[in-house]
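Counted from 1, the sequence shown has number 450 at position 450 by the UniProt record's numbering; the numbering is strictly sequential.
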Amino acid sequence: MAAIRNVFLRPRTPISLIGYKKSGEVDIYVQIRCNSQNFNKIAALKLFDVMLSSNPPPTIWSFNSLLASVKKFKDYPFLLWIYKTSLCADVFYPDVFTHGIIIDSCCHMGELDLGFGFLGHLIKRGWNINVVIFNCLIDRLCKRDRVSDAMELFDRMLDMGCTPDVITYSSLVSCYQKINRIESGLAVVGYMMKAGCSSSVSILNTLVYGFFKSKKILDAIHLLRRMLDMGCRADLITYNTMISYCFENNLFELGFGIFAKLVKDGNTPDLITLSSLVHGLCQAEKLVEATVLFCRLPELGLAPNAITYGTLINGYCRSKKTHAVDVGFGVFGEMLKTGYCPNIILYNVLIQGLCSVKRVDEANVLVEKMHGKWPLGCFPDIISYNSLIKGLCSMKRVKEAGVLVEKMQKNNKSLGCSPDVVTYTTLINGLCRVGDTQAALELLRNMGINKKMHWCKPDKVTYTTIIYSLCRLGEMDEAFQLLTEMDRYDQ
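Given below as structure tokens:
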């Protein structure tokens with residue numbers, strides 16, 4: 001008792017169990033304390049003290065309730081201390097549920113070996129291990145990508161007569177998906193179905209996501225149909241995953257078809273669904289339809305978020321039409337009014353949109369405002385400057401582009417970025433377009449050896465840009481020389 005009382009030096013309020021003469025009454029008291037709203041570490045320590053000194057002692061059921069309550073505030077070392085102290089006091093005799101809580105706590109602490117030590121102890125004593133304990137260890141192995149060890153434990157589980165449940169299978173399938181072995185995950189699901197265990201929507205979503213991530217779109221569709229035929233109902237996450245990946249891979253008709261299926265099945269689309277749909281319409285260059293859907297969001301009880309705004313702005317800015325870019329800036333203004341703060345990705349979309357319609361000076365002003373103390377802005381990055389340089393070169397304002405590159409070289413610390421291979425390749429392409437191949441060659445020669453250029457080395461795109469220009473001018477010998485140099489450089 002003295003060891004427990006010394007844990008906290010502050011005076012402790014005595015709690016008496018006078019009046020509780022039966023073990024059942026003590027258990028009720030423990031349950032009331034564990035379920036109280038202000039139950040914390042200090043309250044747990046006081047209750048544990050009372051439980052040790054009570055006569056008759058509480059049952060192991062109450063002790064497990066205390067451990068489960070302590071586990072909720074995730075102080076796992078304290079939980080293990082209670083367990084060890086109870087063993088020393090020789091008051092409680094742990095059962096399989098006690099060890100289930102202990103093993104799960106070891107897993108959450110990252111002490112997987114300790115958890116397996118407890119498992120080995122239970123096996124040696126001949127206890128029947130329940131599925132919850134196996135699930136804790138299998139899940140932790142899977143989260144460490146130790147799928148071979150997890151499958152070995154799974155086989156051991158079967159040998160011991162313990163039937164896996166949907167949580168066991170879900171952990172294994174998720175691990176296989178994470179390490180890009182989706183076919184193995186599908187095999188696990190096949191075994192699960194043969195064993196008579198019903199699949200869950202979370203497993204379906206994991207497999208669908210894995211197939212789409214592996215670009216196996218048709219396999220994902222086929223899987224969905226099979227699972228639906230077997231009575232596994234797809235949820236909004238399933239449909240959102242499929243719609244999003246379809247639009248990202250330019251499978252517009254398929255994406256719109258899945259959306260129609262979603263509505264037909266009685267699902268209510270959420271903001272993620274409709275944001276994906278706006279993205280798909282923009283990708284398909286159906287900006288009017290995308291805008292109509294965007295404007296209807298409030299009618300559906302949904303407020304567009306920063307991603308929805310950014311999607312629509314990107315759709316207008318990438319159209320390379322002056323009017324569309326203006327509309328994009330209009331949407332940007334509405335976004336600011338709602339209180340959303342744009343990030344660097346959105347600013348780069350605006351810069352690229354302006355440059356695509358040859359409004360480079362406006363893009364330059366935007367970059368300067370970003371670099372200044374503009375309350376709504378953020379610092380430009382290398383993509384911002386590369387977009388501006390590309391815009392200048394496309395208008396044959398190569399000298400201005402060169403000045404900007406020199407500015408980046410000299411003031412890289414204050415600007416927050418240095419020219420990279422894309423910067424120099426863009427400038428080289430600009431020089432070639434105005435016929436100044438010699439200046440482009442000189443810039444190429446300086447790459448990788450010039451301190452001022454931060455030893456930035458050329459890549460295949462850099463070489464190809466000049467080789468194409470030389471071929472166009474009929475300077476084949478020099479082009480072949482560069483081609484040989486490129487092959488040697490690549491080795």
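Ideal Cβ placement from N, Cα and C applies to all residues, glycine included. Keep in mind the model is a prediction, meaning the values are calculated, not measured.
Does the beta-carbon distance from residue 133 to residue 185 come in below 8 Å? In this structure, the beta-carbon distance from residue 133 to residue 185 does not fall below 8 Å.
Would the region 294-301 count as touching the region 314-330 if we require 3 or more Cβ pairs under 8 Å? Contact fails: fewer than three Cβ-Cβ distances are below 8 Å.
DSSP three-state label for residue 432, please. Of the three classes helix, strand and coil, the one that applies to residue 432 here is helix, per DSSP.
DSSP state of residue 227, grouped into three classes? DSSP places residue 227 in the helix class (H, G or I) of the three-state scheme.
Could you give the first and the last residue of the continuous alpha helix (DSSP H) run that contains residue 455? For residue 455, there is no enclosing alpha helix (DSSP H), as DSSP gives it neither H nor E.
In angstroms, rounded to a whole number, what distance separates the CA positions of residue 412 and residue 259? Each residue's alpha carbon lies about 47 Å from the other.
Compare the Cα-Cα distances from residue 281 to each of 42, 313, 230, 236 and report the closest residue. Ranking 42, 313, 230, 236 by Cα distance to residue 281 puts 313 first.
Distance CB(residue 69)-CB(residue 107) smaller than 8 Å: No. Outside cutoff.
On the premise that residue 129 lies in contact with residue 96, defined as a C-beta separation below 8 Å, what is that separation, rounded to the nearest angstrom? The beta carbons of residue 96 and residue 129 sit about 7 Å from each other, so the pair counts as a contact at 8 Å.
With a cut-off of 8 Å on the beta carbons, I'd call residue 348 and residue 383 a contact; round off their distance for me. Correct: roughly 5 Å between the Cβ atoms.
Range of the contiguous alpha helix (DSSP H) that encloses residue 471: Per DSSP, the unbroken alpha helix (DSSP H) holding residue 471 starts and ends at 460-473.
Could you give the first and the last residue of the continuous alpha helix (DSSP H) run that contains residue 135? Looking at the DSSP string, the run of the alpha helix (DSSP H) that includes residue 135 is 131-143.
Proximity below 8 Å, CB of residue 379 to CB of residue 416: Result yes, Cβ atoms of residue 379 and residue 416 sit closer than 8 Å.
Contact belief for residue 390 with residue 426 at Cβ below 8 Å, rounded distance in angstroms: Their Cβ separation, rounded to whole angstroms, is 5 Å, which keeps residue 390 and residue 426 in contact under 8 Å.
Would you kindly check if the distance between the Cβ of residue 367 and the Cβ of residue 388 is under 8 Å? In contact: residue 388 and residue 367 (Cβ atoms closer than 8 Å).
Chain-order list of residues whose beta-carbon lies under 6 Å from that of residue 161 (same chain, five-residue window excluded): The beta carbon of residue 161 is closer than 6 Å to none in its chain, skipping five residues each way along the sequence.
Element boundaries [alpha helix (DSSP H), containing residue 284]: No alpha helix (DSSP H) contains residue 284, which DSSP labels as neither H nor E.
Expressed to the nearest angstrom, what Euclidean distance is found between the alpha-carbon atoms of residue 414 and residue 406? Between residue 414 and residue 406, the C-alpha separation is close to 13 Å.
Could you name the residues of the same chain whose beta carbon sits closer than 7 Å to that of residue 65, not counting the 5 residues immediately before and after it, in chain order? Once the five neighbours on either side are set aside, the close Cβ partners of residue 65 are 30, 31, 34.
Between the beta-carbon of residue 75 and the beta-carbon of residue 46, is there less than 8 Å? Cβ distance not < 8 Å, so residue 75 and residue 46 don't count as in contact.
Continuous alpha helix (DSSP H) stretch holding residue 403: start and end: Per DSSP, residue 403 belongs to the alpha helix (DSSP H) from 398-410.
Among 420, 398, 399, 397, nearest to residue 408 - alpha-carbon criterion: In this structure, 420 is the residue among 420, 398, 399, 397 with its C-alpha nearest to the C-alpha of residue 408.
Simplified DSSP state of residue 494, which is helix, strand or coil: Since the displayed the chain opens at 1 and closes at 491, residue 494 lies outside it and no answer follows.
What separation, rounded to the nearest whole angstrom, lies between the Cα atoms of residue 151 and residue 103? Using only the alpha carbons, I get a separation of about 19 Å.
Around the Cβ of residue 38, are there at least 16 other Cβ atoms within 10 angstroms (buried) or fewer (exposed)? Residue 38 should be labelled exposed.
Have a look at residue 306 and residue 238 and give me their C-alpha separation to the nearest angstrom. Distance between the alpha carbons of residue 306 and residue 238: 23 Å.
Residue 177 lies in the alpha helix (DSSP H); which residues open and close that run? Here the alpha helix (DSSP H) through residue 177 covers 166-178.
Classification of residue 476 by the beta-carbon crowding that lies within 10 angstroms, buried from 16 upward: Counting C-beta atoms within 10 angstroms of its own C-beta, residue 476 has fewer than 16 neighbours from the protein chains shown and is therefore classed as exposed.
Once DSSP output is grouped into helix, strand and coil, what is the label at residue 280? Of the three classes helix, strand and coil, the one that applies to residue 280 here is helix, per DSSP.
What separation, rounded to the nearest whole angstrom, lies between the Cα atoms of residue 441 and residue 466? Rounded to whole angstroms, the gap between the alpha carbons of residue 441 and residue 466 is 7 Å.
Taking the continuous alpha helix (DSSP H) assigned at residue 314, which residues delimit it? Going by DSSP, residue 314 is part of the alpha helix (DSSP H) stretching over 306-317.
Buried versus exposed call for residue 263 [16 or more other C-beta atoms within 10 Å across all chains shown]: That one is exposed.
For residue 459, which option in 471, 114, 273, 485 has the closest C-alpha, if you only look at C-alpha atoms? Comparing Cα-Cα distances from residue 459 to each of 471, 114, 273, 485, the minimum goes to 485.
By a C-beta neighbour count over all protein chains shown, 10 Å radius and 16 as the cutoff for buried, is residue 118 buried or exposed? Counting of Cβ neighbours within 10 angstroms places residue 118 among the buried residues, the total reaching 16 or more.
Burial state of residue 331 (16 or more Cβ within 10 Å): That one is buried.
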